[in-house]
Amino acid sequence: MRKVLEMLNEKTWVRSSRNWDVKEIELLNEHLLITAKPVIYLVNVGARDYIKKKNPWLSKIKQWIDANDPGATMVPFSAEFEEEISKMADEESLKYQEDNKTSSAIPKIIVSGFKTLKLEYFFTTGKDEVKAWTIQKGSKAPQAAGKIHTDFERGFISAEVMKFEDFKELGTEVAVKNAGKYRQEGKKYVVQDGDIIFFKFNVTQQPKKK
């Protein structure tokens with residue numbers, strides 16, 4: 041908190057520091073400091089400007105953001121455009137976006153939100169489902185395992201890991217293994233965005249008290 045106090049005395053936003061580690065972020069989150077909250081600047085423009093990718097004010101807004109909130113993200117979008125495509129059938133919407141050589145800004149807004157909050161996700165798979173889990177960037181394998189269940193973290197043994205890009209390219213888990221891209225990692229492994237992980241753990245049950 042000494043670092044926070046120094047920043048406030050200097051009239052600097054807490055979020056302006058990009059070097060908080062995982063434990064510091066958890067501590068900051070407990071105090072709900074207003075100036076620690078990350079900001080994404082969503083700039084709403086008309087549908088025509090969005091499609092043409094031209095608006096006379098965007099460059100000036102970007103200059104202001106860079107001067108007053110260095111490092112913050114600006115995402116232009118069009119509520120008008122989003123409303124138009126939301127009313128279309130899926131195929132019609134895709135064709136409309138292709139014809140106009142543009143696309144919805146919603147995926148970019150979501151990705152920008154994750155990056156701004158320093159969040160990542162990893163996948164777990166089973167016979168019946170694939171699930172994505174959200175973690176803080178820089179989390180180690182046991183911490184990630186704990187997102188599934190506290191027993192996974194407490195009894196963590198190892199993590200079997202493959203990258204989503206490798207799985208997408210090669211098609212199957214067996215092919216990833218044959219290519220030597222399926223790894224076993226330990227407690228110090230820092231989970232990477234998009235990892236597909238199978239956790240090994242063992243929790244010894246405590247004997248019941250008589």
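Here the numbering used here is used: the first residue of the sequence shown is 41, the next is one more, and so on.
Cβ coordinates follow ideal geometry from the N, Cα and C atoms, glycine included.
Rounded to whole angstroms, what's the CA-CA distance from residue i to residue j? Just pull it up for me.
i, j, result
"residue 273", "residue 78", "A question about residue 273 goes unanswered here, because the residues of the chain that appear run from 41 up to 250."
"residue 99", "residue 148", "19 angstroms"
"residue 61", "residue 158", "10 angstroms"
"residue 199", "residue 84", "43 angstroms"
"residue 71", "residue 234", "30 angstroms"
"residue 226", "residue 86", "51 angstroms"
"residue 211", "residue 221", "13 angstroms"
"residue 242", "residue 173", "21 angstroms"
"residue 105", "residue 229", "36 angstroms"
"residue 75", "residue 101", "21 angstroms"
"residue 95", "residue 88", "9 angstroms"
"residue 321", "residue 113", "Lying before the first or after the last residue shown, residue 321 is absent from the chain, which here runs from 41 to 250."
"residue 311", "residue 103", "Any question about residue 311 goes unanswered here, given that the chain covers just 41 to 250."
"residue 192", "residue 164", "13 angstroms"
"residue 283", "residue 162", "An answer regarding residue 283 cannot be provided, because it is not within the stretch 41 to 250 covered by the chain."
"residue 143", "residue 125", "9 angstroms"
"residue 154", "residue 160", "7 angstroms"
"residue 186", "residue 166", "18 angstroms"
"residue 141", "residue 48", "45 angstroms"
"residue 209", "residue 69", "38 angstroms"
"residue 223", "residue 150", "29 angstroms"
In or out: residue i buried (at least 16 other Cβ within 10 Å) or exposed?
i, result
"residue 118", "buried"
"residue 231", "buried"
"residue 107", "exposed"
"residue 170", "exposed"
"residue 145", "buried"
"residue 53", "buried"
"residue 175", "buried"
"residue 214", "exposed"
When the Cα of residue i is compared with those of the options, which residue comes out closest?
i, options, result
"residue 177", "112, 123, 44, 59", "59"
"residue 92", "102, 66, 111, 137", "137"
"residue 201", "171, 190, 237, 211", "237"
"residue 65", "125, 43, 208, 88", "43"
"residue 63", "41, 47, 140", "41"
"residue 123", "216, 194, 90, 205", "90"
"residue 194", "47, 207, 244", "244"
Rounded to whole angstroms, how far is the Cβ of residue i from the Cβ of residue j, which I believe are closer than 8 angstroms?
i, j, result
"residue 67", "residue 115", "29 angstroms between Cβ atoms; not a contact."
"residue 240", "residue 197", "4 angstroms"
"residue 216", "residue 204", "Not quite, the Cβ-Cβ distance comes to about 10 angstroms (not below 8 angstroms), so this is no contact."
"residue 190", "residue 80", "Contact flag wrong, Cβ pair sits at about 32 angstroms."
Given 8 angstroms, three or more beta-carbon pairs between the stretch 125-140 and the stretch 177-194 | no
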